[in-house]
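Written out below as structure tokens is the structure these notes cover.
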Amino acid sequence: QEQLVESGGGLVPPGGSLRLSCSASTKFFSLYLFGWYRRPPNRPHEWLASVSSADVGAVETHYADAVEGRFTISRDDDKKTVSLQMDSLKLEDTATYYCKNMESGTWGQGTQVTVSE
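According to the working numbering, the residues represented by the sequence shown are 1348 to 1464, in order.
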């Protein structure tokens, strides 16, 4: 059974940075499209970024407008990890952040990010 485990969340001041990691047990990890999502307090999940498989061509990344230019998604197929570098964090980035295999539908358990003075 596939498992995704996020780490790297924490408390950071506005303008700060965090790097989230998602460690996967996925068989044939390199074949899959992965994404990062978040759920702010009392709001639904929102998609943030996705990274495609290199096995089907050049790796492509896509971002939601809210994080474009501030967040960077990447993957390491040898280590079976997907990362999200978050820079210039804002108060409104406070949320629980989740990793997802966008093809199998498997979610991680989430990691909390709090941006506060």
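Backbone N, C-alpha and C fix where the C-beta goes; we use that ideal spot for every residue, glycine too.
In this structure, ARG1385 and THR1443 form a Cβ contact; the two beta carbons are roughly 7 angstroms apart against a cut-off of 8 angstroms. Counting along the chain, the unbroken beta strand (DSSP E) around LYS1447 starts and ends at 1442-1448. Inter-residue distance for LEU1431 and TRP1383 is about 8 angstroms (C-alpha atoms, whole angstroms). In this structure, GLY1455 lies away from LEU1380, with their beta-carbon atoms at least 8 angstroms apart.
ARG1366 sits exposed, since fewer than 16 C-beta atoms from the chains shown fall within 10 Å of its C-beta. Taking C-beta atoms as the reference points, ASP1440 and VAL1460 count as a pair closer than 8 angstroms. Your pair ASP1424 and ALA1401 checks out as a contact, with CB atoms roughly 7 angstroms apart and the cut at 8 angstroms. Minimum Cα-Cα distance from SER1421 among the listed residues LEU1438, CYS1369, THR1458 corresponds to CYS1369.
Taking TRP1394 as the centre and dropping the five residues before and after it, the same chain places the C-beta of GLY1382, TYR1384, ALA1411 closer than 7 angstroms to its C-beta, in chain order. For ALA1401, the three-state secondary structure derived from DSSP is helix.
According to the DSSP assignment, PHE1381 belongs to the beta strand (DSSP E) that extends over 1381-1386. In this structure, LEU1436 lies away from PRO1387, with their beta-carbon atoms at least 8 angstroms apart.
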